[in-house]
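Just so you know, the sequence shown maps onto residues 455 to 735 in the numbering used here. Virtual Cβ for every residue (Gly too), placed ideally from N, Cα, C. Model, not experiment: these values are computed from the prediction. Down below is the structure, laid out as structure tokens.
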Amino acid sequence: MNHLSQHQRNYVIRAKKRLGQCFLVNLSVAKKIVQASNLSPSNTVLEIGPGLGAITIPLARSVKRVIAIEKDEELFSQLSNKLYQEKITNVTLIHHDILKLKFEDLKEFFDHRIIVLGNLPFNISSPLVAKLLHHHKCIDRAVLMFQREFAERLISQPGTKSYGAITVILRYRARAKKLLRVSSGSFFPRPKVESMVLELDFKHPWPRCPVDDERLKRVVKPAFLQRRKTLINALLGAPENWEKEVILKALCSCGIDPARRAETLDMDEFISLAQLLSLTQ
């Protein structure tokens, strides 16, 4: 199950503290992730954070080409050597920070929309999802492993504790579904929580998208900023400085009780509210 040498074990303990990474060492889980990704031999896949190659190697054996982005210089070097030893020639390793990399620079590798796969360091989960949303037009789908608590926020439903701004903002541009749960014992060093693999399908946005993402965020983020506040009070504190009468009129037009809280609104209610409030700006 654990494919790390003692040298690698010592290294990843240091890397975890610096980069927020836990390394997948259960190779059967790595294979399950690749299988669950529903890839074809003709696909080119962008892998984020290949680390020591637990997913990279079975992935490379399943698809036409892998473009792997690794931020850590020593991991980059170790994986380069490992791929050479395994005689794997269809992986292009790029030493870069995925959060700083321009997706436009990857166009030469992809004929169509990009398929993304990765076991993410926990400290980049939120900014990475935001980056994918920003580039949603060039993303086909993303199969990503998150800490379970964060993953549940992405797939939660209205009226639940996990339902929040990121749930609504993501669902506007992609359909998220759970592929599998991964126990903490599948990683080294062992994290305190389980992980979950999700598929974010950017080919299936919400059926109705009448406002741009930024206008939706201007309503959704302040609505959830203080969850226990009523909608009217939460939106009165928004940076847009909407007048109370404007907010009440928009809520009334949408059939939304001003005393409700953000966690009770569904997607269509948020979209309608954002659409009306955007007309006042």
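Between the CA atoms of residue j and residue i - distance to the nearest angstrom
i, j, result
"Val-673", "Leu-727", "8 Å"
"Arg-644", "Leu-574", "15 Å"
"Ser-638", "Asn-480", "10 Å"
"Ile-593", "Thr-498", "12 Å"
"Leu-555", "Asn-535", "24 Å"
"His-590", "Ile-521", "19 Å"
"Leu-733", "Gly-691", "19 Å"
"His-549", "Gly-572", "15 Å"
"Val-517", "Ser-494", "6 Å"
"Lys-485", "Glu-697", "55 Å"
"Glu-648", "Leu-634", "11 Å"
"Met-455", "Phe-641", "In this prediction, Met-455 scores a pLDDT of 47, lower than 50, which makes its location untrustworthy; the coordinate-derived value is nonetheless stated afterwards. Near 10 Å, if we compare the C-alpha coordinates of Phe-641 and Met-455."
"Arg-519", "Arg-662", "35 Å"
"Gln-539", "Leu-598", "27 Å"
"Asp-667", "His-566", "23 Å"
"Gly-505", "Phe-564", "22 Å"
"Ser-496", "Ile-511", "16 Å"
"Glu-528", "Val-545", "17 Å"
"Leu-547", "Val-700", "53 Å"
"Arg-669", "Glu-694", "11 Å"
"Glu-606", "Arg-682", "20 Å"
"Val-636", "Arg-515", "22 Å"
"Phe-656", "Arg-629", "7 Å"
"Ser-482", "Gln-680", "42 Å"
"Val-562", "His-588", "One point to set straight first is that residue 562 is Glu, not Val, in the sequence displayed. Each residue's alpha carbon lies about 20 Å from the other."
"Ala-584", "Lys-541", "36 Å"
Residue range of the beta strand (DSSP E) that includes residue i
i, result
"Ile-548", "545-549"
"Phe-600", "593-601"
"Val-479", "It is not in any beta strand (DSSP E) - Val-479 carries neither H nor E in the DSSP assignment."
Other residues of its chain near residue i: CB distance less than 7 Å, five sequence neighbours each side excluded
i, result
"Glu-723", "Cys-708, Ile-710"
"Ala-677", "Leu-685, Ala-688, Leu-689, Ala-716"
"Ala-713", "Thr-684"
"Lys-450", "Because the chain is modelled from 455 through 735, residue 450 falls outside the range shown and cannot be assessed."
"Leu-730", "Ala-704, Ser-707, Cys-708"
"Phe-600", "Leu-574, Ser-579, Ser-649, Met-650, Leu-652"
"Gly-492", "Looking at the sequence provided, one finds Asn at residue 492 rather than Gly. Closer than 7 Å at Cβ, skipping near neighbours: no residue."
"Arg-530", "Contrary to the premise, residue 530 reads as Phe rather than Arg in this sequence. Excluding sequence neighbours, Phe-530 sits near Glu-524, Leu-547, His-549."
"Lys-671", "Ile-623"
"Tyr-617", "Ser-610, Gln-611, Glu-717"
For residue j and residue i, believed in contact at Cβ under 8 Å, the rounded distance
i, j, result
"Thr-718", "Gly-613", "6 Å"
"Leu-537", "Gly-503", "That pair is no contact at about 15 Å."
"Glu-524", "Leu-513", "About 14 Å separates the two Cβ atoms, so there is no contact after all."
"Arg-595", "Ile-623", "Not confirmed; about 17 Å, so no contact."
"Ile-552", "Leu-582", "7 Å"
"Leu-702", "Leu-654", "With a Cβ gap of about 35 Å, Leu-702 and Leu-654 do not count as contacting."
Terminal residues of the alpha helix (DSSP H) in which residue i lies
i, result
"Ser-516", "From DSSP, Ser-516 is part of no alpha helix (DSSP H); its letter is neither H nor E."
"Ser-580", "579-588"
"Glu-501", "Per DSSP, Glu-501 belongs to no alpha helix (DSSP H); it is in the beta strand (DSSP E), 498-502."
"Asn-535", "527-539"
"Leu-730", "721-732"
Own chain residues within Cβ distance below 8 Å of residue i, not counting five before or after
i, result
"Trp-660", "Arg-625, Tyr-626, Arg-627, Met-721, Ile-725"
"Ser-580", "Phe-604, Ile-620"
"Ile-509", "Leu-478, Ala-484, Ile-487, Val-488, Glu-501, Leu-571, Gly-572, Asn-573"
"Lys-631", "Ile-609, Leu-652, Glu-653, Asp-655"
Neighbour flag for residue i against chain C, beta carbons, 8 Å
i, result
"Val-651", "Looking at the structure shown, chain C is missing, and only one protein chain is on hand."
Distance cut-off 7 Å: residue i Cβ against heavy atoms of the ligand NAD
i, result
"Leu-547", "Of the ligands one can find in the structure shown there are none, so the ligand NAD has no counterpart to examine."
Neighbourhood of residue i by C-beta distance below 6 Å, restricted to the same chain and skipping five residues each side
i, result
"Pro-664", "Gln-729"
Whole alpha helix (DSSP H) runs in the region 671-704 with 4 or more residues, listed along the chain? You should have 685-690.
Ordered list of beta strand (DSSP E) runs contained in the region 604-641, each at least 3 residues: Correct list: 629-636.
3-residue-minimum beta strand (DSSP E) runs that sit fully inside the region 638-663, ordered along the chain: Contiguous beta strand (DSSP E) elements confined to the region 638-663 occur at 649-655, taking only those with 3 or more residues.
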